[in-house]
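Numbering (the working numbering), first residue to last: 299 to 375.
See below:
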């Protein structure tokens, strides 16, 4: 349940509540294993290494950008 506290920081969470993948963000079996933050300049090389070493499901799924907002909300797309 402690993983669910992070949901408060997702700015547009209500728009994704009905998406079946939303719960994966908080599933204790997968949290920590789903996402890795990699500098953009290294992302393609990291992805290639992951695929080469057998992680065929690896993918680049987004970017971290500065929204200019004073808070540190996450915006899902």
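Cβ coordinates follow ideal geometry from the N, Cα and C atoms, glycine included.
Just list the residues that DSSP pairs residue i with in beta bridges.
{"i": "residue 308", "result": "372"}
What residue range does the alpha helix (DSSP H) around residue i cover?
{"i": "residue 361", "result": "Premise fails: residue 361 is in no alpha helix (DSSP H) and is neither H nor E."}
{"i": "residue 342", "result": "341-350"}
Please check the pair residue i and residue j, which I expect to be a contact at CB under 8 Å, by giving their CB distance rounded to whole angstroms.
{"i": "residue 341", "j": "residue 358", "result": "6 Å"}
{"i": "residue 310", "j": "residue 324", "result": "So it is not a contact: roughly 16 Å between Cβ atoms."}
For residue i, does the three-state DSSP call read helix, strand or coil?
{"i": "residue 313", "result": "helix"}
{"i": "residue 303", "result": "helix"}
{"i": "residue 320", "result": "helix"}
Assuming contact is defined by CB atoms lying nearer than 7 Å, are residue i and residue j in contact in what I supplied?
{"i": "residue 356", "j": "residue 349", "result": "yes"}
{"i": "residue 307", "j": "residue 365", "result": "no"}
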